Every structure is written in structure tokens, then in C-alpha cells.
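Input: a single structure, listed below in C-alpha cells.
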Amino acid sequence: MSEPLVLGLDGGGSKTLMALAARDGRVTRVLASDGINPLDAAHWREPLDAMFERLRVELRKLDGAALGMPGYGEVPHVSAAQAAAVGSRLGCPHSLHNDVEMAFDGAFLGQPGVLILAGTGSMAWAQAQGSGPHEGGAHSGGPPIRVGGWGSAIGDEGSAFWIGREAIARTTRALDGRLAAPEFAEAMLAAMRLPATEAPAALLGWYHSRPHIRSAVAALATTVDALAAGGDVTARSVMLQAAHHLSDHVEAARRRIGQPDAAWSYAGGVFASAVVCDSMAMRLGTAPRPAILPPIGGALWRAACQAGWSVDAAWVARLAASLAASVPERLNVIDRETESRHLV
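Using this note's numbering, you'd call the opening residue of the sequence shown number 208 and step up by one each time.
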């Protein structure tokens with residue numbers, strides 16, 4: 208008889224991970240593909256279906272699954288479409304969650320705290336004291352609190368998209384002569400592979416020709432952070448403002464759960480930035496608590512809890528080590544020009 212497995216999904220706006228774990232905490236496969244956010248990607252089901260198809264043999268062995276999906280629980284008809292897409296593929300018990308909730312699970316494993324996620328978008332997720340997991344891996348200390356997550360049109364402050372968009376805005380101001388930042392503008396144009404001559408037309412053409420504009424703009428955050436680390440004043444100003452916005456998320460979440468000193472942790476590529484991390488630690492008064500597991504680990508942990516598996520500290524440690532050693536199998540379903548991006 209084949210060994211039972213659980214499945215976890217960490218979906219995002221620019222990339223998605225799907226993983227399988229065995230009862231002993233060993234990760235057997237990890238797949239990576241494009242973003243699956245229905246709110247900004249018309250073909251969001253294609254990467255999801257491709258991952259399920261790649262694992263069609265293993266799906267028969269599942270004891271359960273937990274899937275963190277971007278936008279889930281935010282817009283009713285979108286959540287219904289996500290549930291239908293997953294339900295058509297999985298015959299085992301499974302649960303759907305917002306992707307930030309899975310990141311929270313990975314960071315705190317049912318303990319109280321505040322998780323701030325900043326990847327393509329941004330959102331904080333918080334749980335109050337006494338919210339440890341009960342049967343099924345759910346939280347028992349009242350409903351969770353979410354802050355932010357309003358999307359790129361009206362929110363997502365401090366996210367990689369916000370950083371990239373702010374950098375483009377400052378580039379246009381520099382090109383107009385409204386901002387004295389010629390070196391910054393030159394570096395940003397180079398990152399977009401645009402000529403300095405006829406820059407306005409080239410920049411507008413670049414923006415309106417991207418196959419997935421959120422991913423393309425978010426990818427520029429890598430360049431902005433590198434410039435900030437190198438001492439560029441304009442870039443550093445953008446990254447410090449991003450840190451300010453993300454700190455606001457954490458402080459608001461702390462107030463709403465009534466715990467002004469609640470531990471905080473983070474997930475998402477923006478936190479590869481030392482400028483952001485250092486600034487937030489200074490403003491929030493404490494260093495972040497290292498996440499126990501990454502978001503995909505949080506999904507696997509929840510799936511194992513829901514399946515009734517024995518999930519103790521040793522199991523979590525084996526899962527963490529196995530995830531760290533795993534090399535994802537890349538599925539290139541949609542070309543979104545986001546390969547090798549570290550802040551998305």
C-alpha cells in the first residue's frame with residue numbers, strides 16, 4: 208500500500224508553490240508555477256490545473272489538502288470560482304484559505320502574533336492570545352484580524368508592486384525635471400531595458416505592453432532595493448516609505464487584537480531588503496520573530512493537522528529541513544517575465 212500524503216498550496220500574485228509531504232514530515236515533491244490571483248490574471252486556472260495534472264498520480268494518495276489562494280475570502284464570486292476549481296481536482300478532504308493565512312500558520316503554528324506579508328501585494332494577518340490550534344488545525348481564539356490587502360488599485364502599500372510603481376513615478380518626475388534624480392532615472396530605465404533617448408515614449412510603451420503588468424512592475428523592486436543599499440537617496444526614500452507603510456499594517460493589527468507588543472513575523476520577497484527589515488524593527492520596537500515554517504510549510508502543517516496526523520515539534524523540524532533542501536520543479540505555463548526575481 209502506498210504511503211499517504213498531504214498537499215499544500217501557497218498561491219500568490221506572481222508565483223505559486225504546490226507541495227506534497229509524507230506522514231513522517233518528509234517533502235516528496237514541490238512544484239513552482241505562475242501566479243494564480245483571479246483578481247488580476249484572466250488565466251489563473253491554467254497554472255493551477257497544470258500543477259494538479261503534474262501530480263495526478265499522487266492526488267490519489269492524499270489524506271487531505273490545505274490551499275492558500277490569493278484573494279480567497281475577499282470577493283464572494285471569486286472565492287466560489289476558486290473553490291470550484293479546486294473541488295473539481297481533489298477528491299480528498301480539503302480546505303481553502305487566504306494565502307496570507309497560510310503564511311501566518313507557517314510563522315506561528317497556531318500561536319498568537321502578527322504576520323505581515325509583502326510580495327506582489329501586501330497584507331497583515333493577526334490572531335489574539337489563546338488562539339492555539341484545536342482539532343483540525345483551526346484557531347480557537349476568535350476570528351483572525353486582517354489589515355490591508357486592498358489590491359494594487361487602492362492599496363497594497365509597501366508591496367513589491369507599490370515599490371515598483373513608486374519608482375516608475377519618480378522616474379517620470381525626474382525625466383520631466385520635477386525631481387533631481389538623474390542617476391536614479393537612468394538606473395530604472397536600464398532595468399527596464401529602455402533607451403535614455405525618447406524615454407517618455409519608450410517608458411509608456413513598456414508599461415502598456417507587459418503581459419502581466421503587476422508582476423512586471425513588482426519585479427522592479429529588486430533594482431530599487433539594490434540602489435538603496437548602494438546609497439541612492441531616491442531609492443532609499445522609496446524603500447523607507449515602504450517600510451513605514453508595512454509598519455503601519457503591523458501596528459494597526461496589534462491595536463485591533465489588543466496586544467500592542469504582540470510578536471510579529473513576515474513573509475514575502477520584499478523582506479529580502481535589509482533596508483526594509485532594519486527600518487521596521489526600529490519603528491516597531493522589536494526584531495521580527497523568525498517564521499517557524501515558510502508559507503508552503505504552513506499549508507502542509509494545516510493539511511496534516513486536518514488529516515489527524517501526529518504533528519509534533521519533531522515533525523515540524525523534519526518538514527522545515529526537507530522543504531529547505533527541496534528544489535522546486537518549475538512549470539512555465541504563462542510567460543510573465545518574472546524568472547529570477549527576488550523581491551516578488
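Glycine residues also receive a C-beta, built at the ideal position from the N, C-alpha and C atoms.
Predicted model, so just to flag it, every value in this text is computed and none were measured.
Item: Identity of the residues DSSP links to methionine 276 by a beta bridge; Value: Asn305
Item: Whether alanine 273 touches arginine 509 by CB criterion (9 Å); Value: yes
Item: Segments assigned alpha helix (DSSP H), at least 4 residues, entirely inside the stretch 468-494; Value: 481-491
Item: Uninterrupted beta strand (DSSP E) stretches inside the stretch 352-411 (no shorter than 3 residues); Value: 352-355
Item: Ordered list of alpha helix (DSSP H) runs contained in the stretch 212-291, each at least 4 residues; Value: 252-261
Item: 6 Å Cβ shell around alanine 333 - same chain, five flanking residues per side excluded; Value: Val321, Ile352, Ala460 and Ile464
Item: Buried versus exposed, by CB contacts within 10 Å (16 or more), arginine 372; Value: buried
Item: Pairwise C-alpha distance: glycine 515 and glutamate 342; Value: Unreliable placement is indicated for glutamate 342, whose pLDDT of 40 sits below 50; the coordinate value is still reported in the next sentence. Each residue's alpha carbon lies about 8 Å from the other.
Item: Residue(s) in a DSSP beta bridge with leucine 453; Value: In DSSP, leucine 453 forms no bridge with anything.
Item: Cβ separation of tyrosine 473 and proline 495, assumed to be a contact under 8 Å, to the nearest whole Å; Value: 5 Å
Item: Three-way DSSP call (helix, strand, coil) for glutamine 513 in this model; Value: helix
Item: Collapsed DSSP secondary structure at glutamine 334 in the structure displayed; Value: strand
Item: Same chain, Cβ closer than 6 Å to glycine 344, five either side skipped, listed in chain order; Value: Reliability fails at glycine 344, whose pLDDT of 46 lies under 50, so the model's placement of it is uncertain and no value is given.
Item: Supposed close pair valine 234, serine 366 - CB separation, criterion 8 Å; Value: About 28 Å separates the two Cβ atoms, so there is no contact after all.
Item: Simplified DSSP assignment, three categories, for glycine 504; Value: helix
Item: Same chain, Cβ closer than 6 Å to aspartate 247, five either side skipped, listed in chain order; Value: Arg421
Item: Methionine 309 and glycine 505 closer than 9 Å at C-beta; Value: yes
Item: Assigned secondary structure, methionine 461 (DSSP; H/G/I helix, E/B strand, else coil); Value: In the sequence as displayed, the identity of residue 461 is arginine instead of methionine. In the structure shown, arginine 461 sits in a helix (DSSP, three-state: H, G or I).
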